[in-house]
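Note sheet for the following structure.
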Amino acid sequence: MKKIVLILVAIQFLTSCSKDNDPRHDYPKNMNIVFQLDATDVDRNIQIKSSIIGKDIEIINKSNGSTVLPYKKEYIHQKIPF
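Sequence positions in the sequence shown follow this note's numbering and run 5 to 86.
Here it is, written out as structure tokens:
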């Protein structure tokens, strides 16, 4: 009887393991990415560098000066790998 219970527990354990929980299943994804900066003191010379770096993607944007705030940079429908 103990062997049958052990076998049933082992079968239940093995069948409960699946690849459905793998987060890589949903990738690559198309996503919108937004960088937004606001400030109360905008009369300063500043430099902003926004970067998206990963496998098969590299987007770098640089802005500088005293008129860049408020800052908003949008990357629409970017293909993002896992």
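Just so you know, even glycine gets a beta-carbon here, dropped at the ideal spot from N, CA and C. Bear in mind that the values here come from a model prediction, so they are computed numbers and not experimental data.
- For leucine 73, there is no enclosing beta strand (DSSP E), as DSSP marks it with neither H nor E.
- In this structure leucine 73 is in contact with valine 46, their Cβ atoms being roughly 4 angstroms apart against a cut-off of 8 angstroms.
- The residues Pro85, in chain order, have a CB closer than 7 angstroms to that of aspartate 60 in the same chain once the five nearest residues on each side in sequence are set aside.
- Short of 6 angstroms from the beta carbon of lysine 76, and not among the five residues preceding or following it, lie these beta carbons of its own chain, in chain order: Gln40.
- Residue ranges of uninterrupted beta strand (DSSP E) with 3 or more members, entirely inside the segment 40-71 and ordered along the chain, are 50-58 and 61-69.
- For a cut-off of 8 angstroms, the C-beta gap from asparagine 68 to isoleucine 56 is around 19 angstroms, too long to register as a contact.
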